[in-house]
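Student: Residue numbers for the sequence shown follow our numbering, so the first one is 4 and each next one is one higher.
Using N, Cα and C, we set each Cβ at its ideal position, and we do this for glycine too.
These numbers were taken from a predicted model, which means no experiment stands behind them.
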Amino acid sequence: MELINALNWRYATKKMSGEKVADEKVQQIVDAAHLAPSSSGLQPFEVIVVSNEELKQKIQPIAYGQSQIVDGSHLLIFASWDKYTDERIDAIFDHMNTERGLPLDNTDDYKAGLKAQLFSMTEEQQAAHTGKQSYIAFGTAVAAAAMLQVDATPMEGFVNDQLDELLGLKAKGLKSQTILTLGYRATDGDWLQGMKKVRQPKDKFVTELK
Ligand SMILES: Cc1cc2nc3c(=O)[nH]c(=O)nc-3n(C[C@H](O)[C@H](O)[C@H](O)COP(=O)(O)O)c2cc1C
Numbered sequence: 004m005e006l007i008n009a010l011n012w013r014y015a016t017k018k019m020s021g022e023k024v025a026d027e028k029v030q031q032i033v034d035a036a037h038l039a040p041s042s043s044g045l046q047p048f049e050v051i052v053v054s055n056e057e058l059k060q061k062i063q064p065i066a067y068g069q070s071q072i073v074d075g076s077h078l079l080i081f082a083s084w085d086k087y088t089d090e091r092i093d094a095i096f097d098h099m100n101t102e103r104g105l106p107l108d109n110t111d112d113y114k115a116g117l118k119a120q121l122f123s124m125t126e127e128q129q130a131a132h133t134g135k136q137s138y139i140a141f142g143t144a145v146a147a148a149a150m151l152q153v154d155a156t157p158m159e160g161f162v163n164d165q166l167d168e169l170l171g172l173k174a175k176g177l178k179s180q181t182i183l184t185l186g187y188r189a190t191d192g193d194w195l196q197g198m199k200k201v202r203q204p205k206d207k208f209v210t211e212l213k
């Protein structure tokens with residue numbers, strides 16, 4: 004399936020069938036998120052994959068009772084760093100240089116400039132910046148699921164603090180941003196299924212400067 008066909012096929016599924024998505028497909032969707040670009044390659048977020056039924060049941064009320072939380076087989080929870088730290092940034096660059104067989108001080112000048120820029124932000128601004136990076140991977144995962152004909156519901160409809168508390172994210176310096184439920188559309192009971200996909204007129208969306 005070509006990307007545009009896949010994006011037309013997908014919709015924000017409101018009712019899942021309960022059928023399990025194969026682990027291999029879940030891994031491919033996670034891999035796509037993992038390969039998403041991020042500012043300076045910092046990847047300042049993590050993905051938590053939840054398939055445990057009891058845990059999904061605990062998450063459902065936090066997500067305003069949305070049924071896809073329990074009827075989907077997996078939840079991908081995108082959680083971003085609460086702030087930037089020297090340790091976090093150094094670890095990313097050390098890893099990058101080691102993987103590329105380069106000396107650890109290879110990126111010192113760039114890193115110093117980057118840190119000056121990031122640490123000039125308030126912690127709130129830093130958290131907003133890391134959150135934005137997580138959305139790029141989230142969107143990539145949405146597209147990857149569609150390519151695999153796995154249904155998905157992108158979600159912001161949950162109480163972030165309560166989810167962070169349940170999953171112990173605060174202690175890890177993480178803040179939940181989004182949930183992507185993975186599963187297969189139910190044959191009935193989904194009000195959105197079969198409805199026309201509606202987007203704003205293209206001429207309002209795109210400006211071409213030639
Ligand atoms: C960041 C984000 C948060 C969303 N939150 C929810 C949600 O909590 N529950 C839900 O059913 N749909 C949610 N949606 C789905 C949107 O309503 C949906 O993507 C949009 O109406 C376009 O429809 P389509 O995805 O079916 O093409 C969310 C989508 C995005 C991108």
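Three Cβ pairs or more, each shorter than 8 Å: is that satisfied between the stretch 192-211 and the stretch 22-39?
Tutor: Cβ pair count under 8 Å is below three, so no.
Student: Compute the Euclidean distance between the alpha carbons of Ala147 and Ala35, then round it to the nearest angstrom.
Tutor: The residue you call residue 147 lines up with position 144 of the sequence shown. The residue you call residue 35 lines up with position 32 of the sequence shown. Going from the Cα of Ala147 to the Cα of Ala35 covers about 6 Å.
Student: Determine which residues share a DSSP beta bridge with Thr133 and list them.
Tutor: Numbered from its first residue, the sequence shown carries residue 133 at position 130. DSSP lists no partner for Thr133.
Student: Could you tell me if Ser83 is buried or exposed, where buried requires 16 or more neighbouring beta carbons within 10 angstroms of its beta carbon?
Tutor: As a first step, residue 83 must be located in the sequence shown, where it is residue number 80. With 16 or more other Cβ atoms within 10 Å, it is buried.
Student: Compare the C-alpha of Gln129 against each of Gln31, Leu177, Pro204, Ile32 and name the closest.
Tutor: Residue numbering aside, residue 129 sits at position 126 when the sequence shown is read from its first letter. The shortest C-alpha separation from Gln129 is found at Leu177.
Student: From which residue to which residue does the beta strand (DSSP E) around Ala82 run?
Tutor: Within the sequence shown, residue 82 is the residue found at index 79, counting from 1. Element bounds for Ala82: 77-84.
Student: Relative to ligand 1, is the shortest distance from any of its heavy atoms to the C-beta of Leu105 smaller than 8 Å?
Tutor: Here residue 105 refers to the residue found at position 102 when the sequence shown is read from its first residue. For ligand 1, not one heavy atom lies less than 8 Å from the Cβ of Leu105.
Student: Can you check DSSP and say which residues form a bridge with Pro204?
Tutor: In the sequence shown, the residue the question calls residue 204 occupies position 201. DSSP lists no partner for Pro204.
Student: Is Pro64 near ligand 1 - that is, is its Cβ less than 8 Å away from at least one heavy atom of it?
Tutor: In the sequence shown, counting from the first residue as 1, residue 64 sits at position 61. No, the beta carbon of Pro64 sits no closer than 8 Å to any heavy atom of ligand 1.
Student: What residue does the alpha helix (DSSP H) around Gly116 start on, and which one ends it?
Tutor: Numbered from 1 along the sequence shown, position 113 holds the residue referred to as residue 116. Gly116 -> alpha helix (DSSP H) spans 111-122.
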